[in-house]
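Numbering (my numbering), first residue to last: 1 to 51. Cβ coordinates follow ideal geometry from the N, Cα and C atoms, glycine included. The structure presented is a predicted model; accordingly, all values stated were derived computationally and were not measured. What follows is a set of notes on a single structure, which appears directly below.
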């Protein structure tokens, strides 16, 4: 069985990342949303345009 973190990485196509936190919450329209903190690995930060 695939873990949620592995599935999330495959869906976003971000293999060289660290996912800190995945949680399901509700927005102000009372819809379920998925919130995740995604960081590049230390050796891969130079490839990230935001980091």
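With a threshold of 6 angstroms on Cβ separation, who are the neighbours of residue i within its own chain once the five nearest residues in sequence on each side are excluded?
{"i": "residue 17", "result": "38, 40"}
Taking C-beta to C-beta, are residue i and residue j nearer than 7 angstroms?
{"i": "residue 15", "j": "residue 23", "result": "no"}
Within the continuous beta strand (DSSP E) that includes residue i, where are the two ends?
{"i": "residue 9", "result": "That residue, residue 9, is in no beta strand (DSSP E); its alpha helix (DSSP H) goes 4-12."}
{"i": "residue 37", "result": "32-40"}
{"i": "residue 16", "result": "Unbroken run through residue 16: none, as it is neither H nor E."}
Spatial neighbours of residue i within its chain, please: CB distance less than 8 angstroms, with the 5 preceding and 5 following residues excluded, ordered by chain position.
{"i": "residue 5", "result": "19, 22"}
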